[in-house]
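Below is one structure, written out as structure tokens; comments come after it.
In the numbering used here, the protein residues as written are 44 to 389.
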């Protein structure tokens, strides 16, 4: 009897940053994907790594990027460092995952994509909310034509945080503020559904006392007769619907956020009973057709698809080119707000 091929050893991963993104999302999603093992972390919070992943080494950024035993680097550092760290990791011969927003310049994003192709490496951007259950449900409704011709699409992602926190995301630094943070998610979802808009009109605000970075935004994206509104605020006591869609045949309204982030914070991993599943009372509704069960969310698919891509069995889950389009829309929104006009993307 012929010997069976031995299974490939897990890919050894180095994680740069151990804040909310690194600790709650990436480290735990990696733990649920047997193709990867978290081998090293670069962070000032060595105690947290020792507590959560005692077998992982704590290295400096330079040591992690130059360690030849690490095959994958994940960048979850502050936004203004994403591009440089991704470039260094690619130049060191590593496959790379970059937390959103990918870069702060759309041209730089495309350059990194070209560098990855030149080196024969995988480069993926962590736009995980492509796998939110509510977004998957909206995608299915539109693909099925349940609403008929769509005329308006609203997507809200709000918070109640009246006090400004002392953290880089709320400081006047490149890549700080709500547009780069939650806005990147909402824009990416809209582009997945409708592609690049014809134009962008934006209103950006610093509303809270002491605010140094954008903490409120309202974007209007135009697609022929379709209007897409993307909005987020930091002082929202009563939540707006997460999605509101109006078509010529029906409308769809959905409240509440996807449960996967809270499940990760509670220690659950993809594959656990009830993972990504919403209770019936959280389901969205069609005006004419009643309740629509929410599709189960599936963040675990990101690293599953990345493992397949590294093995040469498919594309990366989120390409540099698609992430660059998100940056193009953010750049247009900033220009629109500063100049007080609609900015064309034609």
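Beta carbons: idealized from backbone N, C-alpha and C, even for Gly.
Exercise. How many angstroms separate the CA atom of residue 269 from the CA atom of residue 362?
Worked result: Taking the chain shown and counting its residues from 1, the one referred to as residue 269 is at position 226. Taking the chain shown and counting its residues from 1, the one referred to as residue 362 is at position 319. Looking at the two C-alpha atoms, the distance is approximately 26 Å.
Exercise. When burial is assigned at 16 or more other CB atoms within 10 Å of the CB, is residue 170 buried or exposed?
Worked result: For the purposes of this step, residue 170 is taken as the residue at position 127 of the chain shown. So residue 170 counts as buried.
Problem set entry | Where residue 274 falls: helix, strand or coil (DSSP) | As a first step, residue 274 is located in the chain shown; it is residue number 231 there, counting from the start. Strand at residue 274.
Exercise. For residue 382, does the count of other Cβ atoms within 10 angstroms reach 16, so buried, or fall short, so exposed?
Worked result: In the chain shown, residue 382 corresponds to position 339, counting from 1. Exposed, because fewer than 16 other Cβ atoms sit within 10 Å of the Cβ of residue 382.
Exercise. What distance in whole Å lies between the Cβ atoms of residue 256 and residue 219, which are believed to be in contact at a cut-off of 8 Å?
Worked result: Locating residue 219 in the chain shown gives position 176, where the first residue counts as 1. Locating residue 256 in the chain shown gives position 213, where the first residue counts as 1. That belief holds up - the Cβ atoms of residue 219 and residue 256 are roughly 4 Å apart, short of 8 Å.
Exercise. Can you tell which of 389, 78 and 74 has the C-alpha that lies nearest to the C-alpha of residue 267?
Worked result: Here residue 267 refers to the residue found at position 224 of the chain shown. Closest by alpha carbon: 389.
For this session: Specify, as a first and last residue, the run of the beta strand (DSSP E) that residue 223 falls within.
Result: To locate residue 223, count along the chain shown from 1; it is residue 180. Careful: residue 223 lies outside any beta strand (DSSP E), inside the alpha helix (DSSP H) at 221-237.
Problem set entry | One or two residues paired with residue 342 in a DSSP bridge | The residue you call residue 342 lines up with position 299 of the chain shown. Partner(s): none; residue 342 has no beta bridge.
For this session: Could you tell me which of 92, 76, 313 and 79 sits nearest to residue 61, measuring between CA atoms?
Result: By one-based count along the chain shown, residue 61 stands at place 18. Cα-wise, what sits closest to residue 61 is 92.
Exercise. If you run the structure through DSSP and keep just helix, strand and coil, what is residue 211?
Worked result: Walking along the chain shown from the start, residue 211 turns up at place 168. Looking at residue 211 - three-state DSSP - the assignment turns out to be helix.
Exercise. For residue 280, which residues from the same chain have a beta carbon less than 7 Å from its beta carbon, with the 5 sequence-adjacent residues on both sides left out?
Worked result: Your numbering for residue 280 matches position 237 in the chain shown. Taken in chain order, the residues that qualify are 203.
Exercise. Roughly how many angstroms lie between the CA atoms of residue 40 and residue 127, to the nearest whole one?
Worked result: For the chain, the structure presents residues 44 to 389; residue 40 sits outside this window and is missing.
For this session: Could you pull out every residue in the same chain whose Cβ sits closer than 7 Å to the Cβ of residue 158, ignoring the five residues on either side in sequence?
Result: On the chain shown, position 115 is the one that residue 158 refers to. These residues qualify, in order along the chain: 130 and 133.
Problem set entry | Touch test, the region 62-78 against the region 312-332, Cβ-Cβ under 8 Å, three pairs minimum | yes
Problem set entry | C-alpha distance - residue 367 paired with residue 52, whole-angstrom precision | Working through the chain shown from its first residue, we reach residue 367 at position 324. Working through the chain shown from its first residue, we reach residue 52 at position 9. Cα to Cα, residue 367 sits roughly 33 Å from residue 52.
Exercise. Cα separation between residue 217 and residue 332?
Worked result: Residue numbering aside, residue 217 sits at position 174 when the chain shown is read from its first letter. Residue numbering aside, residue 332 sits at position 289 when the chain shown is read from its first letter. The alpha-carbon atoms of residue 217 and residue 332 are separated by roughly 45 Å.
Exercise. Exposed or buried, residue 176, counting other C-beta atoms within 10 Å across all chains shown (16 or more means buried)?
Worked result: Looking up residue 176 in the chain shown gives position 133. Residue 176 is buried by the Cβ-count criterion.
For this session: Kindly indicate the opening and closing residues of the alpha helix (DSSP H) around residue 95.
Result: For the purposes of this step, residue 95 is taken as residue 52 along the chain shown, with counting starting at 1. 89-95 is the span of the alpha helix (DSSP H), which, as asked, contains residue 95.
For this session: Just mark residue 89 as buried or exposed, buried being the case when its beta carbon has 16 or more other beta carbons within 10 Å.
Result: As a first step, residue 89 must be located in the chain shown, where it is residue number 46. Residue 89 should be labelled exposed.
Exercise. Residues in its own chain within less than 7 Å of residue 68 by CB, not counting five upstream and five downstream?
Worked result: On the chain shown, position 25 is the one that residue 68 refers to. Correct list, in chain order: 171 and 307.
Problem set entry | Cα-Cα separation, residue 49 to residue 354 | If you number the chain shown from 1, residue 49 lands on position 6. If you number the chain shown from 1, residue 354 lands on position 311. The pLDDT assigned to residue 49 is 39, lower than 50, so where the model puts this residue is not dependable, and the model offers no usable value.
Problem set entry | Close beta carbons around residue 321, own chain, < 7 Å, minus the five adjacent residues each side | Here the question's residue 321 lines up with position 278 in the chain shown. Closer than 7 Å at Cβ, skipping near neighbours: 176, 302 and 337.
Exercise. So what does residue 83 bridge to, in DSSP terms?
Worked result: By 1-based counting over the chain shown, the position of residue 83 is 40. Paired residues: 57 and 100.
Problem set entry | Spatial neighbours of residue 230 in its chain, beta-carbon cut-off 6 Å, leaving aside the 5 residues before and after | Taking the chain shown and counting its residues from 1, the one referred to as residue 230 is at position 187. Within the same chain, residue 230 has close Cβ partners 369 and 372.
Exercise. Excluding five sequence neighbours on each side, which residues of the same chain lie with their C-beta closer than 6 Å to the C-beta of residue 385?
Worked result: Reading the chain shown from its first residue, position 342 is the one you call residue 385. 242 and 244, listed in sequence order.
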